[in-house]
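Visitor: Please see the structure below; I have some questions.
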């Protein structure tokens, strides 16, 4: 069960509500980019559904095309519990934009803040020794998909330490400050260009292909490689850079993803 499953108790909660699971929800929404986590918050406020949390929920509802109420309705909770990429969504909306009307977000690609990009087009990738064989093929296929719509060329090298992109399976706390969470929750994460790490959660059930109950390595790899190239999350549900994904499912690049990579690198 996801560490967030306690928020099932919050269905129907709104501003003014107090509950232990409110703190879990605040932590989660700050991890995925919807509010700033306040470690110094007074103890009695941590479990209070306050203005900041209401705004974070509204921003989340806008991004995921849900009814924008600031109330934790059943659909919002269901969406929050979906397995997803551990990278934050970049949603540039502030409180004043909600004053008179519900703001809309253009449904399309985003970049990492500052639009970092690679200064070269030949990128190497590698895995530590002992990595499962099906991951090697799945990632190779994913790199070829990105190469086909950009000017990048990806080459596998055995020298893990010197690769531009270092791909590995990790569990729980693994040294990058962003621990995984067991089964469900965050499936994988990676940062933008210039940092080499790309991690899959080793506790998930993985397959190279569509297998009920397992996550497709190629699909999640394609998504995380998009981050490596500089793409953030999109709220276009047909795109590979959409943050949530189900098991037993394969997805390729969408028009939004291709438009995004071409815009970022002026192709």
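Residue numbers (the numbering used here): 627 to 893.
All C-beta atoms, glycine included, are put in the ideal place defined by N, C-alpha and C.
Quick caveat: nothing in here was measured; it's all calculated off a predicted structure.
#1: With H, G and I counted as helix, E and B as strand and the rest as coil, what does DSSP make of residue 627?
#2: For residue 675 versus residue 640, is the C-beta spacing smaller than 8 Å?
#3: Under 8 Å between the Cβ atoms of residue 834 and residue 763?
#4: Based on the DSSP output, what are the partners of residue 737 in its beta bridges?
#5: Taking three-plus beta-carbon pairs below 8 Å as touching, is the stretch 817 to 829 in contact with the stretch 847 to 859?
#6: Excluding sequence positions up to five away, which residues of its chain have a Cβ less than 7 Å from the Cβ of residue 683?
#7: Quick check: the Cα distance between residue 893 and residue 777, rounded to an integer number of angstroms?
#8: Ends of the alpha helix (DSSP H) at residue 654?
#9: How would you call residue 819, buried or exposed, if buried means at least 16 neighbouring beta carbons within 10 angstroms?
#10: Does the structure place the stretch 747 to 766 close enough to the stretch 788 to 802 that three or more beta carbon pairs sit under 8 Å?
#11: DSSP three-state call for residue 817: helix, strand or coil?
Guide: Reading from the atomic positions:
#1: Your numbering for residue 627 matches position 1 in the chain shown. Model confidence at residue 627 stands at a pLDDT of 49, short of 50, so the residue's coordinates are unreliable and nothing is read from them.
#2: Reading the chain shown from its first residue, position 49 is the one you call residue 675. Reading the chain shown from its first residue, position 14 is the one you call residue 640. In this structure, residue 640 lies closer than 8 Å to residue 675 by Cβ.
#3: Translated into the one-based positions of the chain shown, residue 834 becomes position 208. Translated into the one-based positions of the chain shown, residue 763 becomes position 137. In this structure, residue 763 lies closer than 8 Å to residue 834 by Cβ.
#4: Within the chain shown, numbered from 1, the residue matching residue 737 stands at position 111. Answer is 857, bridged to residue 737.
#5: yes
#6: Stepping through the chain shown from its first residue, residue 683 is reached at position 57. Hits under 7 Å: 696, 698, 702.
#7: Here the question's residue 893 lines up with position 267 in the chain shown. Here the question's residue 777 lines up with position 151 in the chain shown. Computed Cα separation, rounded: 8 Å.
#8: To locate residue 654, count along the chain shown from 1; it is residue 28. Per DSSP, residue 654 belongs to the alpha helix (DSSP H) from 646 to 657.
#9: Looking up residue 819 in the chain shown gives position 193. With 16 or more Cβ atoms within 10 Å of its Cβ, residue 819 is classed as buried.
#10: yes
#11: Here residue 817 corresponds to residue number 191 of the chain shown, with the count starting at 1. Looking at residue 817 - three-state DSSP - the assignment turns out to be coil, as it is neither helix nor strand.
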